[in-house]
Amino acid sequence: MYVICMGISHRTCPVDIREKYYLHPADKDMLLGKFRACPNVSEAIIISTCNRTEIYAVLTVNEPHLLLELLCQAKGIGDSEADLNCFYAYTGEKAIRHLLRVAAGLDSLIIGEKEILGQVKAAIELARTHRMTGPFLNILFNLTIRTGKLARNQTEIGRGGVSVSWAAVELIRKTVPDLSQSSVLIIGAGKMSRLAIGDLKRKGAEKVYVMNRTRSKGEQLAETFGAETLPLKDLTQTLPRVDICICSSSAPYYLIDRDAVQAACRQRDKGVLLIDLSVPRNIDPAAGEIPGVTLVGVDELDRVVAYNVRKRLAAAYEVEKIITAKIREFYRKLSTRSQYLNNKEYDSQQRKAVLSL
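Residue numbers (the numbering used here): 457 to 813.
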């Protein structure tokens, strides 16, 4: 028997190639069905995300190309169209180590990201539904989940956000003691705005307004998160009513100038926090000179993100040590399981306990 990992990821190719091999739910069902029908595939689990498509399998032959052939069949990709130079294959301990590194976030586009662990869990459950897991992958993936959790609990690998929107929300959380009592204006309806409004809502923000040049996109974003949409033309009149303004639009000019902020401050009895995530900037830097106004731009937030990235990279060494220890544990479990199952003196309950290792 051979344990094999065959895959493609952000490390080997750009998105226009990765998307060809992305597996939708129906694709996964089809591919697992093909694995089940193939006499050389004993066990198989598929992980497919926006950044990777990987197959972990136990084969009766040491032929990783077999997995690629079945993947291409499931995606309707002919032999001449396959991007062979973008795929990698690992066998034995290299395949096991790669899986543990993936689950721990070491192989992610954003090191330490936590979503991958949930995606690994979902992959196991789907394979079990198709009866494509067995003694080897059950033990391996159970240990993989524990390794991913251990890495995040015992090291800094997943701590401190590494996105500008996260840094913005953290700044707000530290500056504003009670978000439920503050009003927030989000200008823009792109990815940054979506991430920011989601984090703000989770941290207790209740009064959130959304403005966008295309009204329908702003309404869609506001509806998703239970916010209120306001027309962009009312920006000047709205500024006096908000405590926090996050600007993340693609406008090539200042949407908020110094005079507008000055006028808003005259109508307020407390300060205002302005966060400009836009490039080019959408808030006049001179607005930050007004008493009571705190203006934070992308550069300041980037420094926070860079610090967190350095912390995560420093933690990678500790995670690698955890992975090495877990690989040794895996082989011990596998050896113990084989010894017990081959010993006829043990009763069914003891065998069942060993099967759950």
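All C-beta atoms in this analysis are idealised placements derived from N, C-alpha and C, irrespective of residue type, glycine included.
Under the three-state reduction of DSSP, Tyr512 is assigned to strand.
Looking from the CA of Leu562, the closest CA among Ala770, Pro495, Leu711, Lys789 belongs to Ala770. Taking Gly616 as the centre and dropping the five residues before and after it, the same chain places the C-beta of Tyr763, Asn764, Lys767, Arg768 closer than 8 Å to its C-beta, in chain order. Judged by their CB atoms, Ile779 and Thr603 are nearer to each other than the 8 Å cut-off. Non-local beta-carbon contacts of Cys542 in its own chain, meaning distances under 7 Å to residues more than five positions away in sequence, involve Ile464, Thr468, Cys469, Ile473 in chain order. A distance below 8 Å between beta-carbons, with the five flanking residues on each side excluded, links Val752 to the following residues of its chain, in chain order: Ala624, Leu627, Leu729, Leu730, Ile731, Asp732. Under DSSP, Glu745 takes part in no beta bridge, so it has no partner.
Contact check for Thr692 and Leu641: beta-carbon distance about 12 Å, past the 8 Å limit, so the pair fails to qualify. Going by C-alpha positions, Ile595 is about 20 Å away from Asn496. Each residue's CA atom was taken as its position, placing Ala500 and Glu519 some 14 Å apart. By the C-beta density criterion, Tyr773 is exposed, having fewer than 16 other C-beta atoms within 10 angstroms. Listed in chain order, the beta strand (DSSP E) elements of length 3 or more contained wholly in the segment 679-717 are 700-703. Exclusion of the five residues before and after Tyr710 leaves Arg737, Asn738, Ile739, Asp740 as the residues of its chain whose Cβ lies within less than 8 Å of its Cβ. With fewer than 16 neighbouring CB atoms inside 10 Å of its own CB, Leu540 falls in the exposed class. Taking a C-beta distance under 8 Å as the contact criterion, Ile712 and Ala743 qualify as a contact pair. In summary, Val517 is exposed, with fewer than 16 beta-carbon neighbours lying within 10 Å of its beta-carbon over all protein chains present. In this structure Asn668 is buried. Its beta-carbon is surrounded by 16 or more other beta-carbon atoms within 10 angstroms. Contact check for Lys484 against Ser504 passes: the beta carbons are separated by less than 8 Å.
If you ignore the 5 residues before and after Val735, its C-beta comes within less than 8 Å of the C-beta of Val754, all in its own chain and listed in chain order. Counting along the chain, Ala661 sits inside no alpha helix (DSSP H), nor does DSSP assign it H or E at all. Note: Val754 is not bridge-paired with any residue in the DSSP secondary-structure output. Under the three-state reduction of DSSP output, Val517 falls in the coil class, being neither helix nor strand. The shortest C-alpha to C-alpha distance from Leu606 to any of Gly644, Glu525, Ala559 is the one to Ala559.
Between Ile613 and Val775, the C-beta gap is smaller than 8 Å, which places the two residues in contact. With a threshold of 16 other beta carbon atoms within 10 Å, Tyr665 meets it and is buried.
Taking a C-beta distance under 8 Å as the contact criterion, Thr600 and Val576 qualify as a contact pair.
Taken in chain order, the unbroken stretches of beta strand (DSSP E) that lie wholly in the segment 574-650 and span 3 residues or more are 639-643. Taking a C-beta distance under 8 Å as the contact criterion, Ser704 and Ile643 qualify as a contact pair. Met462 is bridged by DSSP to Ile511, Ala545.
Counted as a single uninterrupted DSSP element, the beta strand (DSSP E) harbouring Leu730 occupies residues 728-732. Straight-line measurement puts the Cα of Ala707 at about 29 Å from the Cα of Gly660.
Ala545 is positioned such that its CB atom lies closer than 8 Å to that of Met462. Val760 counts as buried, since at least 16 other C-beta atoms from the protein chains shown sit within 10 angstroms of its C-beta.
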